[in-house]
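First to last, the protein sequences are chains A and B. Under my numbering, the final residue of the first sequence carries the number 199; numbering is consecutive throughout. Under my numbering, the final residue of the second sequence carries the number 199; numbering is consecutive throughout. Just so it is clear, CB atoms sit at the ideal spot from N, CA and C, and this is done for glycine as well. Below you'll find the structure, written out as structure tokens, and then a few comments.
Protein chains: 2
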Amino acid sequence: MTEPPTAPRRRGTARTEELLQATLDLAAEVGYAGLSIEAVGRRAGVGKHTIYRRWPSKAALLLDALSRVWTSDLDYRDTGNVREDLREQFLRSGAALSGPPIGPVYRAVIAEAQGDPSLRATLHERFLATVEQRTLDRITRAQRTGELTADANLEFAAEVLCGALYYRGLMSNRPIDAAAVDGLVDMFMAAYGTTR
Amino acid sequence: MTEPPTAPRRRGTARTEELLQATLDLAAEVGYAGLSIEAVGRRAGVGKHTIYRRWPSKAALLLDALSRVWTSDLDYRDTGNVREDLREQFLRSGAALSGPPIGPVYRAVIAEAQGDPSLRATLHERFLATVEQRTLDRITRAQRTGELTADANLEFAAEVLCGALYYRGLMSNRPIDAAAVDGLVDMFMAAYGTTR
DNA sequence: CACTATCGGCACGCACCGTGCCGATGGCAG
DNA sequence: CTGCCATCGGCACGGTGCGTGCCGATAGTG
């Protein structure tokens, strides 16, 4: 993503990796509060200019840092049981969302996005839409295997599932625990499941 | 709320109202970007101290300003048809969330809340929990009239409904249009509706 | 009429953003 | 090996906003 494979590979590339890692470390240590460009620069022993040469804004840096640790939490399992796969995935995503470094960085991106519609669009495209898509893929497979009804509108269902999860994790202050995930998945399965 | 009926009614009370209104006006005019304490003070012709004597932080001011225009959008109708009542209410809430002054102020509160867990709790108690409760009330009535199945877990359902709505309105950049609301309500009714 | 709380105005210290300029450093071409 | 030049870290600047402190002016109260 941030690193073109055939780039001229000057010493800048290594610094880029260090800066992204420093951002994540900082998020893990001091949380959202300390996630400023200056703080990242201080921690990495780097002038601000070195950061601004790579990312046009604080939000861009945070987005890149987020994508560094985010993708690993997106792979749904496929055991043949949708209910269990969704449950397991939601619990895993919920735990990742709640803790460092993903939680603080995600929160920082959301805070930045509130004042910038284009950033909000980018956030949605790069992360939320991806999560929705993976969810849609999984439940579409379930529909094909007969676990879900054929006439279900799964596109909106995927958005509702992810939306409810992120709402609880990032806007509400309640934990994404087993009870919450069960309530969510139960409603989904009650709506579109074939095994009553 | 902010104005006790039997307050000693010094000149301070009138200023409080003016300041809340100035905050809302500012949100409607310049949006999220201009929502700073200093800007509110400038607009109202008021020293910052006059604001800080009333609210301990920027977030507290925004919360009070929000509750000034928020309550009017919470009254569900009860026509005897849950699906239609939910639909109508979600479309109305969605429109309110998208435009000024509620939209910008809400976004500002959310941005502030990302860095302050206690503020996040307050936001949830004062607004999100209220919305969920009203929704729960409405669908509980529907359950009693037989429109919804008796064994449905409506508490989580209410959270899912509101969560999906707020997710779309505040985190995603997609509009809360009829298609989205229909998809949401359809899933809910498919899960717990009795009229198949 | 005097008293006192509140007022608007101004300034401060702090933090951060984003930019400009500097001399130093290190990788690459010749 | 050597010289070149992009990138580097360091520093300073102007701008904005937060939250606080101090000032003299003002307006309600006793």
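If I measure Cβ to Cβ from residue i and keep anything under 8 Å in the same chain, skipping five residues before and after, which residues do I get?
i: Leu-22 (chain B); result: Val-43, Ala-47, Val-49, Thr-53, Ile-54, Arg-57, Leu-64
i: Ala-167 (chain A); result: Leu-187
i: Ser-121 (chain A); result: none
i: Ile-40 (chain B); result: Lys-51, Ile-54, Tyr-55, Lys-61, Leu-64
i: Ile-113 (chain B); result: Leu-126, Leu-173
i: Ala-182 (chain B); result: none
i: Arg-80 (chain A); result: Asp-88, Glu-91, Gln-92
i: Asp-28 (chain A); result: Arg-46, Pro-104
i: Thr-82 (chain B); result: Asp-88
i: Pro-8 (chain B); result: Residue placement at Pro-8 (chain B) is poorly supported in this model, since its pLDDT is 32, which falls under 50; the coordinates still yield a value, given next. Around Pro-8 (chain B): no qualifying Cβ.
i: Arg-123 (chain A); result: Ala-116, Gln-117
Cβ closer than 7 Å: which chain A residues qualify as neighbours of residue i?
i: Pro-175 (chain B); result: This sequence places Ser at residue 175 (chain B); Pro is not what is there. Residues of chain A passing the Cβ test: His-127, Leu-131.
i: Asp-189 (chain B); result: Asn-156
i: Arg-123 (chain B); result: Asn-176
How far does the alpha helix (DSSP H) with residue i in it extend, from its first residue to its last?
i: Ala-63 (chain A); result: 61 to 73
i: Ile-179 (chain A); result: Counting along the chain, Ile-179 (chain A) falls outside any alpha helix (DSSP H), and DSSP gives it neither H nor E.
i: Ile-130 (chain B); result: The sequence given here has Phe at residue 130 (chain B), not Ile. Where Phe-130 (chain B) is concerned, there is no enclosing alpha helix (DSSP H), given that its DSSP letter is neither H nor E.
i: Arg-86 (chain B); result: 85 to 101
i: Arg-57 (chain B); result: Arg-57 (chain B) -> no alpha helix (DSSP H), and no H or E assigned at all.
i: Gln-24 (chain A); result: 15 to 33
i: Leu-168 (chain A); result: 157 to 169
i: Val-108 (chain A); result: 105 to 116
i: Gly-44 (chain A); result: 40 to 47
Considering only the alpha carbon of each residue, which of the options lies closest to residue i?
i: Leu-157 (chain B); options: B:Arg-171, B:Leu-126, B:Tyr-195; result: B:Tyr-195
i: Asp-67 (chain A); options: A:Gly-118, A:Ala-193, A:Gln-24; result: A:Gln-24
i: Met-135 (chain A); options: B:Ala-98, B:Gly-37, B:Arg-171; result: In the sequence as displayed, the identity of residue 135 (chain A) is Glu instead of Met. When only C-alpha atoms are compared, the closest one is B:Arg-171.
i: Thr-74 (chain A); options: A:Ala-155, A:Arg-45, A:Ile-105, A:Arg-110; result: A:Ile-105
i: Val-184 (chain B); options: B:Val-163, B:Thr-197, B:Thr-198; result: B:Val-163
i: Arg-144 (chain A); options: A:Arg-45, A:Gly-37, A:Leu-89; result: A:Leu-89
i: Gly-149 (chain B); options: B:Ala-36, B:Asn-84, B:Pro-103; result: B:Asn-84
i: Met-190 (chain B); options: A:Tyr-169, A:Leu-151, A:Ala-181; result: A:Leu-151
i: Cys-165 (chain B); options: B:Gln-92, B:Glu-115, B:Gly-37, B:Thr-26; result: B:Gln-92
i: Leu-38 (chain B); options: B:Ala-98, B:Ser-70, B:Arg-110, B:Leu-94; result: B:Arg-110
i: Val-72 (chain A); options: A:Arg-86, A:Pro-59, A:Leu-94, A:Ala-99; result: A:Ala-99
i: Thr-133 (chain A); options: A:Ser-70, A:Pro-178, A:Ala-31; result: A:Ser-70
Counting only Cβ pairs nearer than 7 Å, list the residues of chain B close to residue i.
i: Gly-48 (chain A); result: Those within 7 Å of Gly-48 (chain A) in chain B number zero; the least Cβ separation is about 25 Å.
i: Ala-194 (chain A); result: Met-190, Ala-193, Ala-194
Determine the chain B residues that contact residue i at a beta-carbon separation under 9 Å, and present them in chain order.
i: Pro-120 (chain A); result: Asn-176
i: Ala-1 (chain A); result: No answer is possible for residue 1 (chain A): it lies beyond the span of chain A, which begins at 4 and ends at 199.
Leaving aside the five residues before and after residue i along the sequence, list all residues of the same chain whose C-beta is less than 6 Å from its C-beta, in chain order.
i: Asn-176 (chain A); result: none
i: Asp-119 (chain B); result: none
i: Ser-101 (chain A); result: none
Under 8 Å Cβ-Cβ, which residues of chain A neighbour residue i?
i: Val-2 (chain B); result: Outside the modelled stretch of chain B, which goes from 4 to 199, sits residue 2 (chain B), for which no answer is possible.
i: Arg-171 (chain B); result: Glu-162, Gly-166
i: Tyr-55 (chain B); result: Simply none; closest approach about 21 Å.
Output, in chain order, the set of chain B residues within a Cβ distance shorter than 8 Å of residue i.
i: Ile-113 (chain A); result: Ile-113, Ala-114, Gln-117, Met-174
i: Arg-110 (chain A); result: Gln-117, Gly-118
i: Ala-36 (chain A); result: Gly-118
Cutting at 7 Å between CB atoms, please list the residues of its own chain near residue i, excluding the five before and the five after it.
i: Ala-193 (chain A); result: none
i: Ala-161 (chain A); result: Glu-135, Thr-138, Leu-139, Ile-142
i: Phe-159 (chain A); result: none
i: Tyr-35 (chain B); result: Pro-107, Arg-110, Ala-111
i: Ala-30 (chain B); result: Leu-38, Pro-103, Pro-104, Pro-107, Val-108
Can you name the residues of chain A whose CB is closer than 9 Å to the CB of residue i?
i: Ala-183 (chain B); result: Phe-159, Glu-162
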